[in-house]
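*Asks:* Structure provided below as structure tokens; questions to follow.
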Amino acid sequence: MFEDSTRLSRVLSVRCSLTRYLLPALILTSSSWPPLNAKHCLDPPPITSNDEFFTLSRIPQWQGEWTLDIDGEVERPLSLSLDELREYPQTDIEATLECDYASGPPLLVGSAVWSGVSLRSLIELAAPKPTASSVTFTALDGYRRGPFPLAQVLQKTDALVAYEMNGEPLPQIQGWPARIALPGHTGNQWVRWLDRIEISSARAGDSFRQWPIHARIMEPTYNAIVDNCRLTIKGMANAGEGKEIVTVEVSTDDGATWENAEILTYFTPNVWKHWRYIWTPETTGRQTIFARVIDEDGNVQDEDRPYGWQGYKVVVTVLPGTDCADPQRADLNNDYFVDFADFSHLADKWLVTGVGLAADVMPGQGDGQVAIGDLVLIADQWLNCFVPAAADPLPADGQEIADLSPVLAWLPREQLTGYDVYFGTNACSVAAASGDSQEFLGFVTDNGFALDRVLEYDTVYYWRVDQVGYKCTTAGEVWSFTTTGDSTE
């Protein structure tokens with residue numbers, strides 16, 4: 118393989134040195150791309166821990182025992198200690214709390230499970246008089262919200278006087294002993310350190326303000342410096358009135374064009390959805406990223422402030438990237454897996470110069486020498502699998518078919534050992550299935566699978582194909598099709 122023993126000695130020395138000193142680092146710095154997210158089986162909306170939840174203000178001080186007073190224009194005034202409040206039936210509600218700032222950092226938003234007593238039931242226990250028409254919430258620090266229309270408050274079946282957050286006593290900074298929780302409403306109405314609920318005959322001056330539909334960008338942050346390589350833009354989408362966000366769009370050209378982002382979490386009323394968008398900047402310099410949403414009724418987020426997408430922009434500075442190599446270029450021997458074989462191939466070419474060297478992958482398409490930059494790429498992608506995901510399903514994803522004995526097929530790939538096939542009527546079960554699951558149909562070497570059963574009419578079926586390489590496997594997306602017809606025919 119080598120022309121002389123001198124070169125052989127040098128290469129072996131490099132290989133041994135790199136192995137001894139850098140292989141532990143290769144293992145420790147291994148990274149992986151986010152897992153493929155089956156669109157039929159989304160993740161639950163993330164819960165923000167109490168320690169990570171945003172905070173504002175200082176904790177007020179008070180003398181004596183805390184009580185919650187519900188009084189004013191009522192037949193049965195109440196004064197409840199925390200223990201007495203806990204004696205009423207507890208309700209648990211997941212809801213996103215977002216501070217009422219129209220735009221800009223910091224990003225004051227989080228989601229939690231709030232536990233407490235129904236606000237409506239407490240007011241009804243106090244028995245408002247016929248003359249009562251409004252409600253005001255007062256906190257220990259003197260903060261007040263209201264008066265709100267009493268009728269509107271009594272329509273809120275999900276509003277709570279909350280004393281727990283994520284299964285723990287409400288932290289002091291979050292309003293202990295109790296606070297108002299108003300799912301779908303702006304954060305300034307979630308009164309902390311609640312002291313009094315006053316029922317009055319005074320004319321209501323405010324109405325509960327629902328959050329309009331909107332998106333926020335969480336990464337990158339405002340004024341971040343990024344390179345012009347592959348960048349993942351992450352964010353959240355929120356809406357009041359229990360509406361569902363069905364589409365998130367991202368623009369990187371000042372709103373001239375919009376591209377769909379990937380929604381990562383399923384719908385829970387008044388709870389944020391998370392999303393991401395993969396962006397490769399085409400130019401450098403100052404650039405603006407916008408995000409907007411569309412709800413279940415087809416309403417598009419407004420452009421103008423205070424809650425339009427113009428108010429939620431993120432500006433970044435894009436610099437020329439020095440490490441923009443395609444991650445798969447670390448797979449030097451083209452077996453879809455980055456391991457010692459690729460490392461060994463790089464060592465064979467260590468410090469060799471020239472044009473078109475397979476091991477010269479950094480930066481970009483290479484710099485003419487196999488050196489430390491190329492090793493860094495292999496370290497970053499160590500033990501990563503690059504087997505492509507299955508594609509081009511037949512029946513097509515979402516298709517309606519009349520054939521009750523279809524042959525499943527997909528795009529063939531070279532340099533694979535075969536395919537694992539999964540099938541069932543539950544999307545999440547198919548997404549999570551493994552080789553010992555009932556959804557596993559078997560391993561095949563051809564790009565097709567004939568079902569050994571007759572399917573039911575008017576049924577949605579889900580299936581998944583994992584592509585199996587010689588050293589690793591890539592799980593496929595969950596596809597679906599629907600059988601049509603009349604079982605009486």
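Here my numbering runs 117 ahead of the position in the sequence shown, where the first position is 1. No residue lacks a Cβ here, since even glycine has one placed at the ideal position from N, Cα and C. In this text the structure is predicted, and so the values were computed from the model without any measurement.
Using only CA atoms, which one of P177, L225, A212 and G233 lies nearest to D200?
*Replies:* The option with the nearest alpha carbon to D200 is G233.
*Asks:* Per DSSP, what are the beta-bridge partners of R296 in this structure?
*Replies:* In the DSSP output, where bridge partners are listed per residue, R296 has A279.
*Asks:* Give me whichever residues DSSP pairs with S235 in a beta bridge.
*Replies:* Note: S235 sits in a beta bridge opposite L277.
*Asks:* So, is S235 buried or exposed, given that buried needs 16 or more other C-beta atoms within 10 angstroms?
*Replies:* It is buried - the Cβ of S235 has at least 16 other Cβ atoms within 10 Å.
*Asks:* Tell me, which residues are paired with S368 by DSSP?
*Replies:* In DSSP, S368 forms a bridge with F407.
*Asks:* Grab me the residues of A256's own chain with a C-beta within less than 7 Å of its C-beta, minus the 5 sequence neighbours each way, in chain order.
*Replies:* Excluding residues within five positions, the ones whose Cβ falls inside 7 Å are V308, R309, W310, L311 and D312.
*Asks:* Is the beta carbon of V270 closer than 9 Å to that of H331?
*Replies:* Not a contact, by the Cβ cut-off of 9 Å.
*Asks:* I think W392 touches A354, with their Cβ atoms under 8 Å apart; what is that distance to the nearest whole Å?
*Replies:* Right, the Cβ-Cβ distance comes to about 6 Å (below 8 Å), so this counts as a contact.
*Asks:* Short check: CB of K390 to CB of I380, under 9 Å?
*Replies:* It is a contact, given that the beta carbons lie within the stated cut-off.
*Asks:* Taking 8 Å as the cut-off, is the C-beta of P245 nearer than that to any heavy atom in the ligand COA?
*Replies:* Questions concerning the ligand COA fall outside what the structure shown contains, since it holds no ligand whatsoever.
*Asks:* Taking the alpha-carbon positions, what's the A519 to I489 distance?
*Replies:* Taking the straight line from one Cα to the other gives about 58 Å.
*Asks:* Contact check, I314 vs I187 under 8 Å by CB: the rounded distance?
*Replies:* Yes, I314 and I187 are in contact; Cβ-Cβ is about 5 Å, under 8 Å.
*Asks:* Is it true that the CB of N564 sits closer than 9 Å to the CB of Y539?
*Replies:* Cβ distance not < 9 Å, so Y539 and N564 don't count as in contact.
*Asks:* Does the Cβ of P529 have 16 or more other Cβ atoms within 10 Å, making it buried, or fewer, making it exposed?
*Replies:* Under this definition P529 is an exposed residue.
*Asks:* For the candidate residues N543, P444, T534 and K246, whose alpha-carbon lies nearest to that of D583?
*Replies:* Closest by alpha carbon: T534.
*Asks:* Would P300 and A276 qualify as a contact pair, given that the criterion is a beta-carbon distance under 9 Å?
*Replies:* Yes, the pair counts as a contact, with Cβ atoms nearer than the cut-off.
*Asks:* Taking 9 Å as the cut-off, decide whether the C-beta atoms of C158 and A447 are in contact.
*Replies:* For C158 and A447, no; Cβs fall outside 9 Å.
*Asks:* So what's P329 in DSSP terms, helix, strand or just coil?
*Replies:* P329 falls in the coil class under three-state DSSP.
*Asks:* Would you identify the three-state DSSP class for Q516, choosing helix, strand or coil?
*Replies:* Residue state, collapsed to three classes: strand.
*Asks:* To the nearest angstrom, how far is the alpha carbon of D553 from that of E336?
*Replies:* Computed Cα separation, rounded: 38 Å.
*Asks:* Quick one, are the C-beta atoms of V433 and V365 less than 9 Å apart?
*Replies:* Not closer than 9 Å, so no.
*Asks:* Considering Cα atoms alone, identify which of D443, C502 and P510 is closest to D607.
*Replies:* Here the chain comprises residues numbered 118 to 606, so residue 607 is not present and cannot be evaluated.
*Asks:* Relative to the C-alpha of P194, which residue among P206, K246, E215 and L572 is closest?
*Replies:* Checking every option, the nearest Cα to that of P194 belongs to K246.
*Asks:* Taking the straight line between their C-alpha atoms, what separation do you get for T600 and I316?
*Replies:* Spanning the two alpha carbons is a distance of roughly 58 Å.
*Asks:* When you compare the region 591-599 with the region 554-563, are there three or more beta-carbon pairs, one atom per stretch, that lie closer than 8 Å?
*Replies:* In short, these stretches do not touch, since the Cβ pair count stays below three.
*Asks:* I334: which of E376, W426, W183 and T400 sits nearest, CA to CA?
*Replies:* Ranking E376, W426, W183 and T400 by Cα distance to I334 puts W426 first.
*Asks:* With 16 as the cutoff for other CB atoms within 10 Å, does S166 come out buried or exposed?
*Replies:* It is exposed - the Cβ of S166 has fewer than 16 other Cβ atoms within 10 Å.
*Asks:* Taking R237 as the reference, which of A279, S198, L224 and T213 has the closest Cα?
*Replies:* Nearest option by C-alpha distance: A279.
*Asks:* Expressed to the nearest angstrom, what Euclidean distance is found between the alpha-carbon atoms of A373 and P386?
*Replies:* Distance between the alpha carbons of A373 and P386 is about 31 Å.
*Asks:* Under three-state DSSP, which class holds C158?
*Replies:* DSSP places C158 in coil when its eight states are reduced to three.
*Asks:* How many Å lie between L173 and E204 at the Cα?
*Replies:* Roughly 30 Å between the two C-alpha positions.
*Asks:* Verify whether the separation of the beta carbon atoms of P286 and N345 is less than 9 Å.
*Replies:* Not a contact, by the Cβ cut-off of 9 Å.
*Asks:* Rounded to the nearest angstrom, what separates V469 and K351 at their Cα positions?
*Replies:* For V469 and K351, the distance between alpha carbons rounds to 40 Å.
*Asks:* Indicate whether K360 and D419 have their beta-carbon atoms separated by less than 9 Å.
*Replies:* No; because the gap between Cβ atoms is not below 9 Å, this pair is not in contact.
*Asks:* Just the C-alpha distance for V595 and V417, rounded to the nearest angstrom, thanks.
*Replies:* Approximately 29 Å between the Cα atoms of the pair.
*Asks:* What are the boundary residues of the beta strand (DSSP E) that includes H391?
*Replies:* Looking at the DSSP string, the run of the beta strand (DSSP E) that includes H391 is K390 to W396.
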